[in-house]
Every structure is written in structure tokens, then in C-alpha cells.
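Contents: one structure, followed by commentary.
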Amino acid sequence: MPSNNPLPELGDPDLRSPRSYLRWLIGRQSRTLFLGVFWGCLWMASMGLTPFAIGRAIDAVSDKDTGRLWTWTGAIIGLALVTTVGSVLRHRCDTIGRLKANYLTFRLVASHATRLGATLSKRVSTGEVVAIGTADITRIGALPGALARGIGSAVTVVLVAVVLLSTSVTLGLLVLIGVPALLMGTGPLLSPLHKRIGNYRDLQGDLTSRAGDIVSGLRVLRGIGGEATFGERYRKDSQRVRQAGVHVAKIESVLPAAEVLLPGIFVVAVVWFGARQTIGGDLTAGDLVAAYGYAAFLMLPMRTATSAVQSFVGADVASKRVVGVLSLEPEPTGDTAPPVVSEAPDLYDATSGLRVHPGVMTAIAAATPEEGAEIAERLGRYAEGRVTVGGVPLETLPLDQVRDLVLVARNDDFLFSGVLAEDLGGRSDQVRAQALHDANAEDIVEALPDGLDTVVSEGGASFSGGQQQRLRLARALAAQPPVLVLVDPTSAVDAHTESVIAERLHASRSERTTVVVTNSPLLLDRADEVAFVEDGKVVMTGTHRELVSGSSQYAAVVMREEA
Numbered sequence: 001m002p003s004n005n006p007l008p009e010l011g012d013p014d015l016r017s018p019r020s021y022l023r024w025l026i027g028r029q030s031r032t033l034f035l036g037v038f039w040g041c042l043w044m045a046s047m048g049l050t051p052f053a054i055g056r057a058i059d060a061v062s063d064k065d066t067g068r069l070w071t072w073t074g075a076i077i078g079l080a081l082v083t084t085v086g087s088v089l090r091h092r093c094d095t096i097g098r099l100k101a102n103y104l105t106f107r108l109v110a111s112h113a114t115r116l117g118a119t120l121s122k123r124v125s126t127g128e129v130v131a132i133g134t135a136d137i138t139r140i141g142a143l144p145g146a147l148a149r150g151i152g153s154a155v156t157v158v159l160v161a162v163v164l165l166s167t168s169v170t171l172g173l174l175v176l177i178g179v180p181a182l183l184m185g186t187g188p189l190l191s192p193l194h195k196r197i198g199n200y201r202d203l204q205g206d207l208t209s210r211a212g213d214i215v216s217g218l219r220v221l222r223g224i225g226g227e228a229t230f231g232e233r234y235r236k237d238s239q240r241v242r243q244a245g246v247h248v249a250k251i252e253s254v255l256p257a258a259e260v261l262l263p264g265i266f267v268v269a270v271v272w273f274g275a276r277q278t279i280g281g282d283l284t285a286g287d288l289v290a291a292y293g294y295a296a297f298l299m300l301p302m303r304t305a306t307s308a309v310q311s312f313v314g315a316d317v318a319s320k321r322v323v324g325v326l327s328l329e330p331e332p333t334g335d336t337a338p339p340v341v342s343e344a345p346d347l348y349d350a351t352s353g354l355r356v357h358p359g360v361m362t363a364i365a366a367a368t369p370e371e372g373a374e375i376a377e378r379l380g381r382y383a384e385g386r387v388t389v390g391g392v393p394l395e396t397l398p399l400d401q402v403r404d405l406v407l408v409a410r411n412d413d414f415l416f417s418g419v420l421a422e423d424l425g426g427r428s429d430q431v432r433a434q435a436l437h438d439a440n441a442e443d444i445v446e447a448l449p450d451g452l453d454t455v456v457s458e459g460g461a462s463f464s465g466g467q468q469q470r471l472r473l474a475r476a477l478a479a480q481p482p483v484l485v486l487v488d489p490t491s492a493v494d495a496h497t498e499s500v501i502a503e504r505l506h507a508s509r510s511e512r513t514t515v516v517v518t519n520s521p522l523l524l525d526r527a528d529e530v531a532f533v534e535d536g537k538v539v540m541t542g543t544h545r546e547l548v549s550g551s552s553q554y555a556a557v558v559m560r561e562e563a
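The sequence shown: position 178 = 178 (our numbering), numbered continuously.
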């Protein structure tokens, strides 16, 4: 992560590759991982030695040696107790490791998303962020436990092979050679599994983004009759995700089958060799039972090792997404000493030729809504452009100063859950009350059971579209920024309400710089100056009435909006 890490106590994650990030994540909980490996080895080794104890007990029965029988019976009970304790403590370390990995990843992503600010939404879709917070974090969290179990499995296989070598060189070599060969047999499945999981993850993020867009714009879609069209697009995308999931499941289903088939063949081979040696007198009956127990038991570490590899593949895909977000850099903030800018500055956008005079309400009427929105983005430095404020290039100012100086209010701004008064902000109750009055939103507060102390649901879902728009406008006015840029602030209200807002907005911002992007005649008529934009350029300026009477192009755009 960049040097100005917002979480210095976590150190700097190595973001050269997804695997380097996973190594950093594991390193952050090395003690937990060490304990997990220790208890995992103890848990599985005690199970691996149980067939040996059972074989010795069978030999004691064959020899009618009661003392040895009691000794090995006690050993079997002791191994069972060790297995239980090891399993419980290993699972505890597994849970701690999973939760800590989830927490570290979530904390880093959330903190970095806050640091990126508006840059995040430009570079990463909402669905991608949601998928990281759900599926990806889960896959990464499974890695510490999978490593502990995988290492325990490897240690147990070596231990069993050593015990078998002491009993039969042939069976010991069969284990040492056969188990790695069986594991390598599943290797060809891992590469396509990695690819298919990555493809599934991409489609999942895209589908989540589309779902969020549809839900947020459902009211508009219903208004223009586009609900069925977008619903059909979502259905097709959903089917693509389903098909990708089926492709992943096909390989994932083959792996468990291989985990049963290949060890089954291995068990048959071990028992066959063991039976031949028993018939030849090289092994006792107890040794044969123990050999069968070893072969049957080895199915567990083999499955565990395969599962660990699957977990690593999933974590590798997930960490790629996390690293993609963490490696993003925020927009330059201009850290050099900023020049002084007056509290009532003028603005100039060289790209469009728009000039906004201080203390004036300027309206932008554009031939297309996108052209006006693009200018607003440049004025707020949310998009690249050659903009000066008070004669100073906007890009040279620190980003914090730009945010304090210029406030851009859009219709997709979020109403946060919580107390309404806190959401509206404002330096004082008087400022907040004036902002509600100027936005003609007093009736909204009066209708609430607890007034400004009412707890608002997330996104303001309990309010209508017009009420949400007026509350967002009140919040922007309560901030009292030197430069306020409003993008279609009255598109969801009726004509009477719009007329009242236009009158009050002009009066309340009489001494401050205000830019309104709109094609509404009611707002345009109250503006001190109107700039008409075509093809991204200001082609004429004047009052609304001057432009209506002097330009047929302007009149066509505005009258179409009025109709």
C-alpha cells in the first residue's frame, strides 16, 4: 500500500501480487497459524497412529498376552483423547485465523475506500466492492485453516510411511511413492478450476452492479416503461452467472470423486501387498490390519490436502480482486502550499468556455443532460479539466480545500441512515432551519413523528423521490459553500414547488456563487445569467428571456423541456 497508509499499525501490505498479499496476511497471524499447524499435526498424527496401536492389540490377542492387550488398549484410548483435544484446539485456531483474516481484509478495504473517496466509484463498480465484502473475504478467510490442515496432512503421511517402513519396506515405499502420485493426479484439474472461478467471480461482480443500478433507478425505469427491458437483461446476466457456476461445480464435483476413487485404488493395492506378505509369513495378522487401517486412514489426509489446494485457488482469485482495490491511488491533492483564494471566487472552465462570476446565480442549459453534468464534474474536480477558481488552477489546490470551496450536489447523492438533523448538517439550528425553508422542505419535517429527531432509513427509502430531492437540496444549502453547483435540483418536484424553490434559492444565495445545471424554465428565469451549451461548448449567454427570444435553438431545448 502507499506510504501514507491510513492504518500504520497494520504495516504496509505487499501488493506486488495476490500471493504476496496472502503471505502478508498470513504473516500478520503467524502465532495463530503456528498453533493451528501444531494442533493439526497432533490431531491427524494421533489418528494415523491408531491403526498401529490396534494392530499391536490384535497381535496381543493372538499371543494371548493380557498385559500387552491392556497396554495397547490404553494406548488406543489415549490416542483417541489426543485426537479429540487436537481436533477441538485446531478448530479453534482455524476459527480465529478465519475471523482475523476476514477482519484484516475488510478493515484495509474499507479504510482504503474511504481514502479514495470519489476515485473509488470511478475505478471500481459498486458490485465489485460488494462482492469483495462477501464472497472474496470468505475465500481469503478460509486460507489459514486450510494451510494448517494441509501441513498436518503432509506430516501425517510422512509419519505413517516411517511406521510402515519399520514394518514392511514394500508397504512404506508404496505409501511414500503412491500418495504424492495420487495427489499429482488431481493437478490437471486445478488450472481450469482457477480459470473458471475467476470467470465466475467477474460475472458475479457485474451482476451485483447491474442489480444495484436497477434497484436505485427502479422508479425511473417504471416511469419510462423500461422495467421489463432491464428485467430481461438481468435475467440473461443471471443465467450467465448460473452457467459459470455450473462450470465451476463440474470440476469441483470431479475432485471429490477423485478423492474417493484414487485412494480406493490405493487401499486395494496396500491390502493386496500386505495380504501376500502375511501369507508369506513376513507380516503378522496385526500388521495386516494395521496396514489396512493406514491405507483407509490416508484417504482423510489426501482429501484434506486436496481441499487445502482448492482453498488456496479460491483465495488466490479473491486476493487478486482485493489487491486491485488496495493498489488504487486517490487523485492528486496538490500538496504544495496552496495560493489564497477569495471566499467569493469566479470560476472558468476552459473546456467549455463557461465563466461563472462571483455572487451570481448562473444557469447552464445544455442541449443534452450529459453535457451539463460533465461541466459540473469538472467544476468540482471530479473529472479532469482545465478549471480555474479565482484565477488559480483548480488542480493545484489541495483536494480538501477544493471540497470546502466547491460543493457539487447531484440527484444520486445518498441520504444516510440516522437522525435527520445530523444528516442535514449545518453550523447551527438556525442555518438548518433556513436551508429547509429555502428548499421548501419544511412540510416534510413537520409530517415526521419526531421532526428533525426522526431516524431516517438508509437511502431515505421512506421518502418519495421529490422529498428526497428537497432534503438533499436542503443539506447542500446548509453547508453554505462559497461555490454551490446543483445538477437538476428540481427534476422530481411539481411546478408550484419548483417555482417556490427557484425564488428562495436565488434570494438565499445572492452573495455567493451558484451554478445550476437545468433546462427548467422556472429555474432559468430566476438565474442572473444563462449559458447555453451545445456540443460541450458555451455558444451564447444572457438572461433566459433574452435567449428565448433571440435563439431558436435555445428555445427549442427549453420549450421541449417545458412541454
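Each residue gets a CB set at the ideal place from its N, CA and C atoms; glycine is no exception.
query: Who pairs with residue 47 in a beta bridge, going by DSSP?
result: Paired residue(s): none; residue 47 is not in a bridge.
field: Paired residues, beta bridge with residue 534 - DSSP
entry: 537
- prompt: Under a three-way DSSP split, which group does residue 355 fall into?
  reply: strand
query: Name the DSSP beta bridge partners of residue 418, please?
result: 456
- request: Below 6 Å CB to CB, which residues in the same chain sit around residue 287 once its five sequence neighbours on both sides are set aside?
  value: 55, 167
- request: With DSSP collapsed to three states, give me the class of residue 84.
  value: helix
message: Checking 8 Å against the spacing of the C-beta atoms, do residue 244 and residue 51 come in under that value?
response: Cβ distance not < 8 Å, so residue 244 and residue 51 don't count as in contact.
- request: Can you tell me which of the three DSSP states residue 363 falls into?
  value: Strand, per DSSP.
Given 8 Å, three or more beta-carbon pairs between the region 289-307 and the region 76-87: With the rule of 3 Cβ pairs closer than 8 Å, the region 289-307 does not count as touching the region 76-87.
query: Under 8 Å, do residue 144 and residue 33 count as touching if we go by C-beta distance?
result: yes
- prompt: Rounded to a whole number of angstroms, what is the C-alpha to C-alpha distance between residue 443 and residue 470?
  reply: Their backbone Cα atoms lie some 11 Å apart in a straight line.
message: Please classify residue 246 as buried or exposed, where buried requires at least 16 neighbouring CB atoms within 10 angstroms.
response: exposed
- prompt: Cβ atoms of residue 485 and residue 379: under 8 Å apart, would you say?
  reply: yes
- request: With DSSP collapsed to three states, give me the class of residue 329.
  value: Residue state, collapsed to three classes: coil.
task: Taking all protein chains shown into account, decide if residue 416 is buried (16 or more other Cβ within 10 angstroms of its Cβ) or exposed.
output: By the neighbour-count rule (16 or more Cβ atoms within 10 Å), residue 416 is not buried but exposed.
- request: Pick out whichever of 275, 45, 29 has its Cα sitting closest to the Cα of residue 630.
  value: Because the chain spans 1 through 563 in this model, residue 630 falls outside it and cannot be assessed.
query: How many angstroms separate the CA atom of residue 609 from the CA atom of residue 504?
result: Residue 609 lies beyond the range of the chain shown here (1 to 563); nothing can be said about it.
- prompt: Whose C-alpha, out of 148, 352, 368, 396, is nearest the C-alpha of residue 30?
  reply: 148
Cβ neighbours of residue 99 in the same chain (closer than 8 Å, five flanking residues each side left out): 141
task: Could you spell out where the beta strand (DSSP E) holding residue 407 opens and where it closes?
output: 406-409
query: For the beta strand (DSSP E) that residue 124 lies in, which residues bound it at each end?
result: Where residue 124 is concerned, there is no enclosing beta strand (DSSP E), given that its DSSP letter is neither H nor E.
task: Go ahead and pull the three-state DSSP assignment for residue 382.
output: coil
query: Which one of 103, 129, 516, 133 has the shortest CA to CA distance from residue 362?
result: 516
query: Apart from the five residues on each side of it in sequence, which residues of its chain come closer than 6 Å, Cβ to Cβ, to residue 6?
result: Residue placement at residue 6 is poorly supported in this model, since its pLDDT is 46, which falls under 50; the coordinates are not used for a value here.
query: Are at least three pairs of beta-carbons, each pair with one atom in the region 528-548 and one in the region 363-371, less than 8 Å apart?
result: yes
- prompt: Count the other CB atoms within 10 Å of the CB of residue 151; is the residue buried (16 or more) or exposed (fewer)?
  reply: buried
- prompt: Since residue 349 is in the beta strand (DSSP E), which residue starts that stretch and which ends it?
  reply: Note, residue 349: beta strand (DSSP E), 347-349.
- prompt: Is the beta carbon of residue 75 less than 8 Å from the beta carbon of residue 53?
  reply: yes
query: Just the Cα atoms here: how many angstroms apart are residue 461 and residue 508?
result: 28 Å
field: residue 388 - DSSP class collapsed to helix/strand/coil
entry: strand
message: For residue 474 and residue 435, which I take to be in contact (beta-carbon distance under 8 Å), what is that distance rounded to the nearest angstrom?
response: 5 Å
task: Quick one: using the 10 Å Cβ neighbour count with 16 as the cut-off for buried, is residue 265 buried or exposed?
output: exposed
field: Nearest-angstrom Cα separation, counted from residue 304 out to residue 64
entry: Rounded to whole angstroms, residue 64 to residue 304 spans 38 Å at the Cα level.
field: DSSP state of residue 152 mapped onto helix, strand, coil
entry: helix
query: What residues are listed by DSSP as bridge partners for residue 529?
result: 362
field: Nearest neighbour of residue 20, chosen from 327, 68, 153, 91 [CA to CA]
entry: 327
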